[in-house]
Structures are given as C-alpha cells and as structure tokens.
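Input: a single structure, listed below in structure tokens.
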Amino acid sequence: GGILKKAKELSVLCDAQVSLIMSSSTGKFYEYCSPGTNTKKIFDRYQQASGINLWNSQYEKMQEYFEKLKETNNKLRKEIRQRRGEDLNGLNINELRSLEQNLDDSLKIIRERKYHVIKTQTETYGKKLKHRQEEHEKLLHRLEGIDMNQGYDMLDREGDYETAFGLANGGGHVFAFRLQPIQPNLHDNGYGTH
1 GGILKKAKEL
11 SVLCDAQVSL
21 IMSSSTGKFY
31 EYCSPGTNTK
41 KIFDRYQQAS
51 GINLWNSQYE
61 KMQEYFEKLK
71 ETNNKLRKEI
81 RQRRGEDLNG
91 LNINELRSLE
101 QNLDDSLKII
111 RERKYHVIKT
121 QTETYGKKLK
131 HRQEEHEKLL
141 HRLEGIDMNQ
151 GYDMLDREGD
161 YETAFGLANG
171 GGHVFAFRLQ
181 PIQPNLHDNG
191 YGTH
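Heads up: the sequence shown begins at 1 in full-length UniProt numbering, then just goes up one per residue.
This is the structure we're talking about:
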C-alpha cells in the first residue's frame, strides 16, 4: 500500500509519468500507471531514452525455446510414424533393430498391463460371485425355514383339533407326533396325528 501511494504522489506532485509493477511472494500482481499513459508507452520511452532494447533478449530466448519445441515435435512425429511402420526407408540396420527392441519392450509393458487388468477384473467378479452365492444360500435357508414353520403350524393346529375332538368323544389315547425337517416325504396331512 505505501509504495503505491508514493507512486501516485510522485505522479501528481512532480507531474511525472510513473509506472510501478510489483509481485508479492504469494503470487499477487500489482500495477500502477500514471493517468493518461500505460506500461507499454513508458517502456517504449525508456528504450528510446536509454538506447537499450528490452524486448530483443526476451524475444531471442522465446525464439530459441520455440525452435527447440518445434524440433522435439518433429522428432516425436517421426518416431510415431516409424512405430506405425511408415517412414522406415532412411533407417539403417542398427536403427531398425533399436526400433524393433523398443516395440518389443512396449508390447511387453502393454501385455503386463492387460494381464493385470484382467486379473483384477477376474478377482473382482469372483468376489461378487461369491457374495451373490452366499446371499442365495441365505435366502434358500430362510425360505426353507419359512416352509418348515408353516408345516409345523398346520400340524400343531391339526393335532390340537384332533386332540380336542378325541378328548371330547372320550378317546384318551391320542398322540401328536412332529415330523423331522430331514424327512420331507412325511410332510402331508396323513402323518400328522395318530
């Protein structure tokens, strides 16, 4: 805040054209320019007065960097074409062997990755299948339990009815038998009471 205030004061009190550019350690950017001008105009005036070109060195660095990127891009495009089997005429036997080795290495990496994905998917599907089988078995046990309980309820009620009927008619030798769950062939009404 204090430096910006001083720049404004200089601009007003001295009738000077002031440009101030600041960047903080946190990456914030602050800029002040005197009214009626901009930063580019002030840089241009500085270059004229001092005879120093501020942009040439920066432009040359950018041009060098651009040329390196362009060269790298062309090299990568050529490698891609060669890996596709194109643009092979200029290669000697050693370069062809190197290309073949690179392709073999790439193929091994791809194959390992593919097998890893297949193994992971197989394990996941195996776990899901096991979980579904466990759920299926639980549901079957619950269903069998419901069927057996319904059978016992019917036998109990029939037994009570027969017992009550027999006692009312003076029969004292009425016995009720429960069927075991492991004998499903005996689960009909004829074997409920004797």
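We put the beta carbon where it would ideally sit given N, CA and C, even for glycine.
Predicted model only: the values in this text are computed from it and were never measured.
Put simply, the backbone Cα of Thr72 is about 16 angstroms away from that of Arg83. Within the region 18-73, complete alpha helix (DSSP H) segments of at least 4 residues are found at 39-50, given in chain order.
The three-state secondary structure of Asn94, taken from DSSP, is helix. Secondary structure at Ala16: coil, using DSSP grouped into helix, strand and coil. In the three-state reduction of the DSSP assignment, Leu88 falls in the coil class, being assigned neither a helical nor a strand state. When the five nearest sequence neighbours on each side are left out, the beta carbons in the same chain lying within less than 7 angstroms of the beta carbon of Leu54 are those of Phe43, Gln47, in order along the chain. In this structure, the alpha-carbon of Asn56 lies about 42 angstroms from that of Asn89.
Cβ contact annotation for Arg81 (same chain, cutoff 6 angstroms, sequence separation greater than five): Asp87, in chain order. Contact between Thr39 and Glu31 holds: their C-beta atoms lie close to 7 angstroms from each other, under 8 angstroms. Rounded to the nearest whole angstrom, the C-alpha separation of Glu95 and Asn74 is 18 angstroms. Leaving aside the five residues that flank Ile21 on each side, the residues in its chain whose CB is nearer than 6 angstroms to its CB run, in chain order, Glu31. Contact check for Ser34 against Ser11 passes: the beta carbons are separated by less than 8 angstroms. In this structure Ser23 is exposed. Its beta-carbon is surrounded by fewer than 16 other beta-carbon atoms within 10 angstroms.
By the 16-neighbour rule on beta-carbons within 10 angstroms, Ser25 is exposed.
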